[in-house]
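Residue numbers for the sequence shown follow the numbering used here, so the first one is 5 and each next one is one higher.
Virtual Cβ for every residue (Gly too), placed ideally from N, Cα, C.
Since the model is a prediction, treat every value here as computed from it, not as a measurement.
Encoded as structure tokens, the structure appears first; notes follow it.
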Amino acid sequence: MSSKFRLFTKRFFIIINIIVVAVFLLACLIPYLNPKTWWFISFLGLAFPFLLFIVLAFLIWWLIVLKPKLALISAVALLLGYKSITAFLAFHSPKTFNYKKQAGNLRVASWNVARFLELKRNNNEASMKRLNMFEQIKQQDADILCLQEFHTSTNPDYYDNITPIQKELGYPYFYFSFDEDGDRHYYSSIIFSKFPIIDSGLVRYPRPTLPDVLLFTDIKYNKDTIRVYTTHLQSNLLDKKDYERLNKIKSGEDSIVSNSKNILAKLKRGSVNRGIQATIISDILGVSPYPFLLCADLNDIPNSYTYFTAKGNLQDAFLKKGAGIGRTFASISPTLRIDYIFTDKQFKIIQFNRIAKRLSDHYMLVADVELKSPNP
Numbered sequence: 005m006s007s008k009f010r011l012f013t014k015r016f017f018i019i020i021n022i023i024v025v026a027v028f029l030l031a032c033l034i035p036y037l038n039p040k041t042w043w044f045i046s047f048l049g050l051a052f053p054f055l056l057f058i059v060l061a062f063l064i065w066w067l068i069v070l071k072p073k074l075a076l077i078s079a080v081a082l083l084l085g086y087k088s089i090t091a092f093l094a095f096h097s098p099k100t101f102n103y104k105k106q107a108g109n110l111r112v113a114s115w116n117v118a119r120f121l122e123l124k125r126n127n128n129e130a131s132m133k134r135l136n137m138f139e140q141i142k143q144q145d146a147d148i149l150c151l152q153e154f155h156t157s158t159n160p161d162y163y164d165n166i167t168p169i170q171k172e173l174g175y176p177y178f179y180f181s182f183d184e185d186g187d188r189h190y191y192s193s194i195i196f197s198k199f200p201i202i203d204s205g206l207v208r209y210p211r212p213t214l215p216d217v218l219l220f221t222d223i224k225y226n227k228d229t230i231r232v233y234t235t236h237l238q239s240n241l242l243d244k245k246d247y248e249r250l251n252k253i254k255s256g257e258d259s260i261v262s263n264s265k266n267i268l269a270k271l272k273r274g275s276v277n278r279g280i281q282a283t284i285i286s287d288i289l290g291v292s293p294y295p296f297l298l299c300a301d302l303n304d305i306p307n308s309y310t311y312f313t314a315k316g317n318l319q320d321a322f323l324k325k326g327a328g329i330g331r332t333f334a335s336i337s338p339t340l341r342i343d344y345i346f347t348d349k350q351f352k353i354i355q356f357n358r359i360a361k362r363l364s365d366h367y368m369l370v371a372d373v374e375l376k377s378p379n380p
């Protein structure tokens, strides 16, 4: 009887292992499947970290029970999925960020500031956090500062966020698209620079995506010219009710079916639109006349069509110098890395820092880079 039970148990775990591996490998295909057609598979990307953990767990388990041949099921899957794994994890030991800038290094900071939390002038908690956010920006001493979900206003009852960054934080040059977001309110991404901006421009993504933009500035950097892009891609537009539904699903308080219908519709729309935007980014970056950097809130994870399409052959600063998972979004799941600093191959990435302070709902990213050679 015991031998039959052991045989049944062994076969049961082999079948589960094979099913998990199959789903894991399907998730590894997501970067190559346009969500316009394969949107229902793109959802698996969110489960990738957990699938990876289970595949690893099976590998270790079969080795522990001295079944190396069965361990090959997971081992082969991990080898086949190495591109997704190496996009998800940075394999470096944690290092302390050296805030003293070295000669020849350019420091770049990128941050989704969530409109600095408070629009109207007052002394509430959000306004106090806004001041802390300005202090954090100051502490980085970045040469180039890219901010997404930036808000400013010319209405004196509301915050003008451009002037203090220019005058108090030392960024005399900036480029902002001034997209109107109500009466004398403006909302978009923005690029600040301590070096002169000699040219600038923007590309608007087509409808039905939201009016996010891809901004660029050509910056006179010593004797060279570099181009800096920044963008914020279509969010999933989850609201307070959606987060409440997610909490109910996680806690098992209510049916996953009734609570997920609206969320899935938003995830589908967001995934499809980000795929469109990522293709546009790839096309535009491909014709840059100068060495360039891209600071972006892609609103998508590394194991996604959006990430692989926008990144292309660029360097991901986190993967080059970071460690672990590198979460950048503070809510929902500890696996969400959706903010990035990319560079082309003409830059060498010296160091990287992720500042995990919950001021905005995103974490700030900072990287020191070096231009390898002057422009011809």
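So, is the C-beta of residue i closer than 9 Å to a C-beta in chain D?
{"i": "ALA146", "result": "Among the protein chains of the structure shown there is no chain D, as only one such chain exists."}
How big is the Cα-Cα spacing for residue i and residue j?
{"i": "TYR1", "j": "ALA61", "result": "Because the chain in this structure spans residues 5 to 380, residue 1 falls outside the shown range and cannot be described."}
{"i": "ILE201", "j": "ILE169", "result": "16 Å"}
{"i": "ASN127", "j": "HIS236", "result": "29 Å"}
{"i": "HIS326", "j": "SER6", "result": "A small fix is needed here, since residue 326 is Gly in this sequence, not His. In a straight line, the C-alpha of GLY326 is about 49 Å away from that of SER6."}
{"i": "SER239", "j": "PHE346", "result": "20 Å"}
{"i": "LEU218", "j": "PRO293", "result": "16 Å"}
{"i": "LYS14", "j": "TYR311", "result": "39 Å"}
{"i": "PHE351", "j": "GLY108", "result": "11 Å"}
{"i": "ALA91", "j": "PRO160", "result": "45 Å"}
{"i": "ILE342", "j": "HIS366", "result": "9 Å"}
{"i": "ALA81", "j": "LEU33", "result": "12 Å"}
{"i": "LYS142", "j": "ARG111", "result": "13 Å"}
{"i": "PHE196", "j": "LEU340", "result": "26 Å"}
{"i": "LEU298", "j": "LEU63", "result": "38 Å"}
{"i": "ASN379", "j": "ILE45", "result": "Any reading at ASN379 must be qualified, since the residue scores a pLDDT of 48, below 50, and its modelled position is unreliable; the value itself is stated next. Going by the C-alpha atoms only, they are around 43 Å apart."}
{"i": "ILE353", "j": "GLN144", "result": "17 Å"}
{"i": "ASP203", "j": "LEU375", "result": "19 Å"}
With a cut-off of 8 Å on the beta carbons, I'd call residue i and residue j a contact; round off their distance for me.
{"i": "ASP304", "j": "ARG331", "result": "Their Cβ separation, rounded to whole angstroms, is 14 Å, which puts ASP304 and ARG331 out of contact at 8 Å."}
{"i": "LEU55", "j": "ALA79", "result": "So it is not a contact: roughly 15 Å between Cβ atoms."}
{"i": "LEU37", "j": "TYR309", "result": "6 Å"}
{"i": "GLN106", "j": "ILE359", "result": "With 8 Å as the limit, GLN106 and ILE359 do not qualify as a contact, their Cβ atoms being about 20 Å apart."}
{"i": "PHE101", "j": "GLN281", "result": "Between GLN281 and PHE101 the Cβ distance is about 31 Å, and since that is not below 8 Å, they are no contact."}
{"i": "ASN357", "j": "VAL370", "result": "4 Å"}
{"i": "ALA113", "j": "LEU149", "result": "5 Å"}
{"i": "ASP147", "j": "LYS224", "result": "Not really, about 12 Å apart at Cβ, beyond 8 Å."}
{"i": "LYS272", "j": "TRP115", "result": "No, LYS272 and TRP115 are not in contact; Cβ-Cβ is about 28 Å, not under 8 Å."}
{"i": "SER193", "j": "THR167", "result": "Not quite, the Cβ-Cβ distance comes to about 18 Å (not below 8 Å), so this is no contact."}
Taking 8 Å as the limit between beta carbons, can you name the residues of its chain near residue i, skipping five residues before and five after?
{"i": "LEU268", "result": "PHE47"}
{"i": "LEU123", "result": "HIS155, SER157, TYR162, TYR163, HIS189"}
{"i": "VAL261", "result": "Only weak support exists for where VAL261 lies, its pLDDT of 49 falling under 50; the value from the coordinates is given anyway. Closer than 8 Å at Cβ, skipping near neighbours: no residue."}
{"i": "ASP183", "result": "TYR190, TYR191, SER192, PRO215, VAL217"}
Excluding sequence positions up to five away, which residues of its chain have a Cβ less than 6 Å from the Cβ of residue i?
{"i": "LEU74", "result": "TRP66"}
{"i": "ILE316", "result": "What sits at residue 316 in the sequence shown is Gly, not Ile. Excluding residues within five positions, the ones whose Cβ falls inside 6 Å are SER286."}
{"i": "ASP185", "result": "TYR191"}
{"i": "ILE3", "result": "With the chain represented from 5 up to 380, any question about residue 3 goes unanswered, as that position is not in the structure."}
{"i": "ALA300", "result": "THR235, TYR344"}
Between the Cα of residue i and those of the options, spot the shortest distance and give me the residue it belongs to.
{"i": "ALA314", "options": "ALA327, ILE336, ILE288, GLU184", "result": "ILE288"}
{"i": "LEU29", "options": "ALA130, SER88, LEU121", "result": "SER88"}
{"i": "SER337", "options": "GLY49, VAL207, LEU33", "result": "GLY49"}
{"i": "MET368", "options": "PHE333, THR339, PHE351", "result": "PHE333"}
{"i": "PRO72", "options": "THR41, LYS104, ILE18, SER97", "result": "ILE18"}
{"i": "TYR179", "options": "ARG134, ASP320, ALA26, VAL232", "result": "VAL232"}
{"i": "SER181", "options": "ILE22, ILE329, LEU151", "result": "LEU151"}
{"i": "LEU323", "options": "VAL69, ALA26, PRO98", "result": "PRO98"}
{"i": "PRO39", "options": "ALA118, ARG134, SER275, LYS376", "result": "SER275"}
{"i": "TYR209", "options": "ASP320, ILE329, HIS96, ILE284", "result": "ILE284"}
{"i": "ALA26", "options": "ALA130, GLU172, ILE77, GLU129", "result": "ILE77"}
Answer with buried or exposed for residue i, where buried requires no fewer than 16 other C-beta atoms within 10 angstroms of its C-beta.
{"i": "VAL291", "result": "exposed"}
{"i": "TYR175", "result": "buried"}
{"i": "PRO35", "result": "buried"}
{"i": "LEU318", "result": "buried"}
{"i": "PHE9", "result": "exposed"}
{"i": "SER335", "result": "exposed"}
{"i": "GLY85", "result": "buried"}
{"i": "THR41", "result": "exposed"}
{"i": "ASP216", "result": "buried"}
Spatial neighbours of residue i within its chain, please: C-beta separation below 7 Å, excluding the five flanking residues on both sides.
{"i": "ASN136", "result": "LEU363"}
{"i": "PHE52", "result": "ALA31, SER88, PHE92, ASN307"}
Please tell me whether, using a cut-off of 8 Å, the distance from the CB of residue i to the nearest non-hydrogen atom of the ligand GTP is below it.
{"i": "GLN350", "result": "In the structure shown, the ligand GTP is absent, as is every other ligand, since no ligand is present at all."}
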